[in-house]
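Sequence order for the protein chains is A and B. Under this note's numbering, the final residue of the first sequence carries the number 736; numbering is consecutive throughout. Under this note's numbering, the final residue of the second sequence carries the number 736; numbering is consecutive throughout. By construction, the Cβ of each residue, glycine as well, lies at the ideal position given by its N, Cα and C atoms. Read through the structure below, which is laid out as structure tokens, and then see the notes.
There are 2 protein chains.
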Amino acid sequence: MADTEFSLIYQQIAPCAGVRDDVLLGIGDDAAIVQPTTGQSIVVALDTLVSGRHFFPTCAPEDIAWKALAVNLSDLAAMGAVPKWALLSLSLPLENAQKGWIKRFMAGWQGLAQQYAVALIGGDTTRADQLAVSVTLIGEVSPGSAIQRSGAMPGDEIWLSGTIGDAGLALAQRYANQAVDDAVAMRLDRPTPRVNLGFSLRNLATAAIDISDGFLADLGHILKASGNLGARVEVDAMPFSPMVDAWQRQMSPLLPLTSGDDYELLFTAPIALHNRLNALSEELSVALTCVGRVLPSDQGMQLIKNGELLVIPQRQGFDHFASPAIMKTS
Amino acid sequence: MADTEFSLIYQQIAPCAGVRDDVLLGIGDDAAIVQPTTGQSIVVALDTLVSGRHFFPTCAPEDIAWKALAVNLSDLAAMGAVPKWALLSLSLPLENAQKGWIKRFMAGWQGLAQQYAVALIGGDTTRADQLAVSVTLIGEVSPGSAIQRSGAMPGDEIWLSGTIGDAGLALAQRYANQAVDDAVAMRLDRPTPRVNLGFSLRNLATAAIDISDGFLADLGHILKASGNLGARVEVDAMPFSPMVDAWQRQMSPLLPLTSGDDYELLFTAPIALHNRLNALSEELSVALTCVGRVLPSDQGMQLIKNGELLVIPQRQGFDHFASPAIMKTS
Chain A
407 MADTEFSLIY QQIAPCAGVR DDVLLGIGDD AAIVQPTTGQ SIVVALDTLV
457 SGRHFFPTCA PEDIAWKALA VNLSDLAAMG AVPKWALLSL SLPLENAQKG
507 WIKRFMAGWQ GLAQQYAVAL IGGDTTRADQ LAVSVTLIGE VSPGSAIQRS
557 GAMPGDEIWL SGTIGDAGLA LAQRYANQAV DDAVAMRLDR PTPRVNLGFS
607 LRNLATAAID ISDGFLADLG HILKASGNLG ARVEVDAMPF SPMVDAWQRQ
657 MSPLLPLTSG DDYELLFTAP IALHNRLNAL SEELSVALTC VGRVLPSDQG
707 MQLIKNGELL VIPQRQGFDH FASPAIMKTS
Chain B
407 MADTEFSLIY QQIAPCAGVR DDVLLGIGDD AAIVQPTTGQ SIVVALDTLV
457 SGRHFFPTCA PEDIAWKALA VNLSDLAAMG AVPKWALLSL SLPLENAQKG
507 WIKRFMAGWQ GLAQQYAVAL IGGDTTRADQ LAVSVTLIGE VSPGSAIQRS
557 GAMPGDEIWL SGTIGDAGLA LAQRYANQAV DDAVAMRLDR PTPRVNLGFS
607 LRNLATAAID ISDGFLADLG HILKASGNLG ARVEVDAMPF SPMVDAWQRQ
657 MSPLLPLTSG DDYELLFTAP IALHNRLNAL SEELSVALTC VGRVLPSDQG
707 MQLIKNGELL VIPQRQGFDH FASPAIMKTS
């Protein structure tokens with residue numbers, strides 16, 4: 407057979423697949439076979455990144471691969487699941503269907519996949535006019551212990567991991583053709599999925615989501631799924647890095663609350679767990695910040711700054727189809 | 407939140423998701439959760455179809471959806487697996503991101519998904535310049551009973567389901583702007599995945615693959631995976647529909663052997679099972695034809711027609727990257 411495509415796949419991708427004992431049949435047959443752990447539930451996420459929309463066309467192949475896997479790891483983290491197996495669909499223009507590009511792409515993939523022992527078990531490689539990367543990530547969770555968006559209760563505290571707004575600042579700087587500081591660029595290009603945190607939050611958090619659309623939009627998803635609950639958010643308590651803090655002081659505190667792509671975990675938990683969550687933060691070396699409280703239903707979203715109510719922007723997150731001209735990176 | 411995208415997803419897609427008792431959490435959270443059957447292995451396939459490459463830009467949305475699911479069902483069929491859960495990634499140009507288009511697409515999806523009780527549990531919808539549909543299909547198989555490509559043995563018979571070449575004829579006619587007969591058009595646009603046959607072939611077939619690249623290329627995959635075995639194929643025994651038979655008589659018998667997209671099952675089985683496979687054919691009302699024998703390694707692929715050896719074409723199947731200008735439909 408003519409085997410350029412197969413050469414690409416096998417020579418460049420298969421050796422980077424990673425090894426797991428529970429992979430019974432990996433890349434190379436009609437489908438892959440894995441052996442789930444007896445009694446566990448299967449958790450699956452699928453996210454597609456498209457060039458010019460979710461990442462800049464100039465983005466390094468290593469970063470594209472990292473991010474395509476990271477956003478899916480982040481989805482599983484938000485469920486408290488353990489990631490195990492991935493499938494990769496690469497839609498490649500001719501300039502990307504080259505050994506050098508694939509090699510760099512797979513180096514970025516491996517850099518993150520190995521951290522979480524994720525095995526690449528299959529996928530598809532096709533030609534396309536526009537570069538797109540679609541990742542399906544499969545993991546496991548104990549039945550009933552997955553953290554869903556719908557479990558928040560009035561009175562729960564609202565928590566955030568890490569800092570938010572860094573990716574948004576990097577994106578704003580790139581659009582303005584300004585120099586982008588390495589620290590915020592890394593937050594945009596190589597987000598850190600909070601896998602271990604998510605796993606540790608099982609049976610602690612009442613609801614969780616990862617911040618991809620933006621803090622306000624994603625908090626809105628939790629509140630809506632939990633029965634149209636309200637929330638009171640202390641803007642002065644929001645965890646901003648020094649650069650984002652300077653940015654929001656200069657521009658608007660709403661910017662880091664509405665920019666996406668942070669891939670931090672936003673979760674709710676009973677107030678009785680406050681100290682336990684602070685201890686978990688130290689244990690995992692991941693900053694956890696309490697930023698507000700869940701309110702009873704139909705009380706809306708109240709943003710408090712300096713003791714006063716801020717006006718909530720109508721547009722709390724990104725929408726692909728409502729704003730076709732705006733590039734989004736998640 | 408601005409929710410055009412979410413409206414698209416929820417209003418048009420979620421109601422078409424289908425219902426299964428083993429779906430613990432479907433569309434709408436960060437990831438989906440399903441409960442596998444205790445003791446079963448998990449089988450996963452991922453295939454992406456890109457407009458202008460895997461289907462004509464004029465293709466009906468119902469047919470695109472059908473085919474995107476069918477090619478994955480066919481992959482699981484080739485393993486002998488039972489399909490259960492699907493995820494769908496839609497990369498949509500603005501003209502496709504419309505309720506009418508999504509509605510028709512989902513009607514095509516449901517038409518096939520309901521036949522096999524496949525539930526849509528999640529996915530992703532993004533804007534793109536080029537229409538692309540990526541489907542991840544997850545199923546189950548008993549440990550050790552999956553049919554792999556690598557199990558063919560010298561002396562095994564080579565079998566084919568249905569007829570081959572119909573999709574290739576339809577494609578050739580469309581390229582030539584000729585009228586395409588409905589019967590062959592259906593074989594190209596709405597292929598029939600051989601799910602029940604594949605399931606029945608567990609513990610009968612020694613190796614199996616579905617015909618996507620073309621008979622010779624796909625037989626080559628089995629022979630290579632089984633230890634570089636050889637094969638003797640009786641071209642006069644090949645199952646052609648009357649239209650394909652006329653086509654190959656006029657043009658070349660190699661055309662239906664090298665055209666892809668048939669999604670029939672090609673499998674090998676011990677000669678002792680010959681009568682049992684004929685009985686299975688009657689039982690399932692699926693034509694099964696013995697077209698040759700597996701030979702010991704390094705005997706190559708021998709095509710016999712009228713008792714004479716045919717010259718084997720160098721190019722036995724399609725390659726996306728070697729032939730970027732040729733549209734392929736699988």
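Item	Value
On the three-state DSSP scale, how would you describe residue 617 of chain B?	coil
Between which two residues does the alpha helix (DSSP H) containing residue 511 of chain A stretch?	505 to 519
Here's a check: name, in chain order, each residue in its chain whose Cβ is nearer than 7 Å to the Cβ of residue 442 of chain A, leaving out the five neighbours to either side.	448, 546
Under 7 Å, do residue 494 of chain B and residue 493 of chain A count as touching if we go by C-beta distance?	no
Span of the beta strand (DSSP E) holding residue 686 of chain A?	Where residue 686 of chain A is concerned, there is no enclosing beta strand (DSSP E), although the alpha helix (DSSP H) it sits in stretches over 680 to 690.
Within this structure, are the beta carbons of residue 557 of chain A and residue 618 of chain A separated by less than 7 Å?	no
If you draw a straight line from the C-alpha of residue 627 of chain B to the C-alpha of residue 555 of chain B, how long is it?	7 Å
Leaving out five residues before and five after residue 705 of chain A in sequence, what residues of the same chain have Cβ atoms less than 7 Å from its Cβ?	636
By how many angstroms is the C-alpha of residue 596 of chain B removed from the C-alpha of residue 714 of chain B?	36 Å
Between the stretch 465 to 482 of chain A and the stretch 470 to 481 of chain B, do at least 3 Cβ pairs fall closer than 8 Å?	no
Start and end of the beta strand (DSSP E) containing residue 702 of chain A?	694 to 703
To the nearest angstrom, how far is it from the Cα of residue 664 of chain A to the Cα of residue 565 of chain A?	16 Å
Quick one: what does DSSP say residue 657 of chain B is sitting in, helix, strand or coil?	coil
Is residue 509 of chain B close to chain A, meaning its C-beta is less than 7 Å from at least one C-beta of that chain?	no
Could you give the DSSP three-state label for residue 708 of chain A: helix, strand or coil?	strand
In chain A, which residues lie less than 8 Å from residue 482 of chain B when you measure between Cβ atoms?	436, 437
What residues of chain A sit near residue 527 of chain B, judged by a beta carbon separation below 7 Å?	450
Report the rounded CA-to-CA distance for residue 717 of chain B versus residue 571 of chain B, giving the unit in angstroms.	19 Å
Go through its chain and collect everything with a Cβ distance to residue 559 of chain B's Cβ below 7 Å, but skip five positions before and after it.	612, 700
Given a limit of 8 Å on CB to CB distance, which residues of the stretch 516 to 542 of chain B reach chain A?	527, 528, 529, 530, 531, 532, 533, 534, 535, 536, 538, 540, 542
Am I right that residue 429 of chain A and residue 568 of chain A are in contact with their C-beta atoms under 8 Å? What's the rounded C-beta distance?	Between residue 568 of chain A and residue 429 of chain A the Cβ distance is about 32 Å, and since that is not below 8 Å, they are no contact.
Give the residues of chain B in contact with residue 453 of chain A, contact being defined as C-beta atoms less than 7 Å apart.	530
Cα separation between residue 417 of chain B and residue 603 of chain A?	33 Å
Excluding the 5 residues flanking residue 697 of chain B on each side, which residues of the same chain have their C-beta closer than 8 Å to its C-beta?	564, 565, 566, 639, 640, 643, 644, 645
Note down the Cα distance separating residue 726 of chain B from residue 582 of chain B, rounded to an integer number of angstroms.	Because residue 726 of chain B sits at a pLDDT of 46, beneath the cut-off of 50, its placement in the model cannot be relied upon, and the following sentence gives the value as read from the coordinates. If I take the Cα positions, the gap works out to 21 Å.
For chain A, is any of its Cβ atoms less than 7 Å away from the one on residue 548 of chain B?	no
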